[in-house]
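Numbering (the working numbering), first residue to last: 459 to 957.
Just so you know, even glycine gets a beta-carbon here, dropped at the ideal spot from N, CA and C.
Report on one structure; see the data block that follows.
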């Protein structure tokens, strides 16, 4: 692997006596399910990024808050790291366990505690599936807006950890915009409430800080989310283009026309062919790119917006524009997009799913850059975008059975992320940094910014026991990364603190 691991994982962790830790937790937390045999640990060795695998020392599956509190207190006393895992659908190695650590699996906290249709809020345990929230709210004409493609399986706790998005995040926001309050347990085993059911809460906005913190600051035990009324109507336009860059420019044209779609997605030819072969969604397989544009709201307004968007797409060079005839066809159009990842998996023995964000105006240039990189590395790339907010998901196709191809795919992925940074974007939009993108954090942030991140981490977790080695690289590691790959000719200053 090309990953630059945190120094703490390169030898600072003293070997832990597994039997001693197991006995201590069994004694301190009676009834806590603890897995310790290799065959029981194996299913937890990776998250959705299966290229990285580590067998955890122990797996804990608590069912009560008291068990979580006790586990955190004892792990802190023993100096044992804790990695929290939800449904395991993450794609950045964020839930990758440690050989000398405990994997805390929150999947048994899976109850909807309360759903108040009048206040339009729901209180949830972290193991509740994303889609289950909308299913429970549906009888009241409500739904939960963030809808990642993995919503059928991913958990709301994991959504908070990674600040997940989805195809409708352009208009309705990411997880951070739809969560009102979280209950957490700190590494000291103390309970803490962040946020409020009111419109605002006193003090610093620690809720926003915690959302997207990837398990580095505490363990989420309860989430309060806001629910939205289902739009009166929703209509989808599918526009075909004979050039990827034309489709990219059309995205900016739609927003410039004053239209904020409920969803605005883009797929290139490779992704179109894969999805059509898998789902039979009616996609035009000869098109170089398609845009899916969903407009929702009051029917009269939606009809006007559809006419405006159609005119914009025609002017942008669309070769064909189709409008879903009914709700069934609308659902089918979206099924093709939401199944793009598994569909592409049928085209290659392996693929590497990237996640970066760029300004919308840079879409044509970055798409061309990805094409050039794909050709240079000799690896096909299927592009799937949350085009409205510039969140890209290039899928790099490779065969891990061929020597060196995994390393090539990793290197190509890193180049794509660095291209995003150069275009004024970010190395992630919703998948998080985890272990996968820790190198590119050195390209995104300067030493002073990384020092601040480490200081925030230390305020919540001074012993660095929560998900160590993820998200924030050490300055020493960034110096090593810079020596290998100078970014903007700036290397971290060697006199800065080495966290």
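Among the options, the one whose alpha carbon lies nearest that of residue i
i	options	result
residue 711	822, 885, 634	822
residue 521	605, 893, 583	583
residue 417	698, 774, 860	The chain is shown from 459 up to 957; residue 417 falls before or after that span and cannot be answered.
residue 734	702, 708, 688, 799	799
residue 940	544, 921, 904, 849	904
residue 528	508, 543, 625, 491	491
residue 916	510, 644, 526, 509	644
residue 837	845, 846, 864, 746	864
residue 819	786, 493, 593, 705	705
residue 729	517, 840, 902	840
residue 825	636, 857, 843, 809	843
residue 516	862, 562, 809	562
residue 630	720, 896, 858	720
residue 768	898, 749, 700	749
residue 777	708, 938, 885, 893	708
residue 835	723, 846, 862	862
6 angstroms CB neighbourhood of residue i in its chain, flanking five on each side removed
i	result
residue 806	855
residue 572	581
residue 609	588, 589
residue 664	652
residue 755	689
residue 547	506, 608, 611, 612
residue 569	583
residue 775	704
residue 647	527, 530, 531
DSSP bridge partner residues for residue i (one or two, in chain order)
i	result
residue 808	856
residue 682	581, 639
residue 696	750, 780
residue 543	563
residue 649	643
residue 498	Answer by DSSP bridge pairing: none, since residue 498 is not bridged.
residue 844	849
residue 623	Answer is none; residue 623 lacks a bridge partner.
residue 600	687
residue 755	691
Residues near residue i in its chain [Cβ-Cβ closer than 8 angstroms; skip 5 each side]
i	result
residue 946	Caution applies to residue 946, whose pLDDT of 42 falls short of 50 and renders its modelled position unreliable; the value that the coordinates give is listed next. For residue 946, where only same-chain residues beyond five positions count, there are no Cβ hits under 8 angstroms.
residue 948	With a pLDDT of 40 at residue 948, under the threshold of 50, the modelled position of this residue cannot be trusted; read the value that follows with caution. Closer than 8 angstroms at Cβ, skipping near neighbours: 904, 940.
residue 595	573, 575, 580, 601, 602, 685
residue 732	798, 801, 802, 804, 805, 840
residue 475	none
residue 674	915, 918, 919, 924, 925, 928, 929, 930
residue 715	766, 767, 770
As assigned by DSSP and simplified to three states, the class of residue i
i	result
residue 641	strand
residue 505	coil
residue 574	strand
residue 484	helix
residue 912	helix
residue 687	strand
residue 838	coil
residue 605	coil
residue 586	coil
residue 803	coil
residue 674	coil
residue 515	coil
residue 662	coil
residue 744	coil
residue 723	strand
residue 814	strand
residue 882	coil
residue 491	strand
residue 613	strand
residue 710	helix
residue 941	helix
residue 948	Only weak support exists for where residue 948 lies, its pLDDT of 40 falling under 50; the coordinates are left without a value.
residue 924	strand
residue 822	helix
residue 715	coil
residue 861	coil
residue 738	coil
residue 897	helix
Whole-number beta carbon distance between residue j and residue i, since they are thought to touch under 8 angstroms
i	j	result
residue 539	residue 512	About 12 angstroms separates the two Cβ atoms, so there is no contact after all.
residue 634	residue 678	13 angstroms between Cβ atoms; not a contact.
residue 816	residue 878	5 angstroms
residue 923	residue 533	6 angstroms
residue 713	residue 614	At roughly 29 angstroms, the Cβ-Cβ gap does not stay under 8 angstroms, so residue 713 and residue 614 are not in contact.
Contacts around residue i, its chain only, beta-carbon distance under 7 angstroms, and the 5 residues preceding and following it disregarded
i	result
residue 687	599, 600
residue 763	717, 753
residue 811	549, 799, 851, 853
residue 526	520, 643, 677, 679
residue 895	550, 875, 885, 886
residue 793	737, 739
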